[in-house]
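Data first, discussion second: the structure below is written as structure tokens.
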Amino acid sequence: MVGTEKRTEQIKLMLTERELLDASRLAAIEDRTLAEFIRLTLRVAMYGKVSRLSGGMQGTDEDPAS
Numbered sequence: 002m003v004g005t006e007k008r009t010e011q012i013k014l015m016l017t018e019r020e021l022l023d024a025s026r027l028a029a030i031e032d033r034t035l036a037e038f039i040r041l042t043l044r045v046a047m048y049g050k051v052s053r054l055s056g057g058m059q060g061t062d063e064d065p066a067s
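Using the numbering used here, you'd call the opening residue of the sequence shown number 2 and step up by one each time.
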């Protein structure tokens with residue numbers, strides 16, 4: 002199941018100052034860390050919203066409404 006494995010891999014992401022500011026603001030609105038917000042946003046792009054709502058996934062990590 003996606004999202005239950007231990008997260009061990011890292012990437013370097015280059016953003017403009019504006020992109021970083023906007024991403025940080027969106028993360029704050031959702032009460033998430035910037036890293037968590039970016040990871041969840043990437044997950045939605047890769048797997049879609051359905052995977053986040055199905056399979057009994059719970060918690061702030063899986064629920065965008067939290």
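Idealized CB from N, CA, C, for every residue including glycine.
Please classify residue i: is it buried, with 16 or more other beta-carbons within 10 angstroms of its beta-carbon, or exposed?
{"i": "Leu-21", "result": "exposed"}
{"i": "Arg-8", "result": "exposed"}
Which residue from the options puts its Cα closest to that of residue i?
{"i": "Ser-25", "options": "Ala-46, Thr-42, Lys-50", "result": "Thr-42"}
{"i": "Leu-14", "options": "Ala-36, Asp-32, Ile-30, Asp-23", "result": "Ala-36"}
Can you grab the Cα-Cα spacing for the pair residue i / residue j, in whole Å?
{"i": "Ala-101", "j": "Glu-6", "result": "Given a span of 2 to 67 for the chain in the structure shown, any question on residue 101 remains unanswerable."}
{"i": "Thr-17", "j": "Ile-39", "result": "15 Å"}
{"i": "Ala-46", "j": "Arg-19", "result": "21 Å"}
{"i": "Lys-50", "j": "Glu-10", "result": "23 Å"}
{"i": "Ile-12", "j": "Arg-44", "result": "15 Å"}
{"i": "Asp-23", "j": "Ile-30", "result": "11 Å"}
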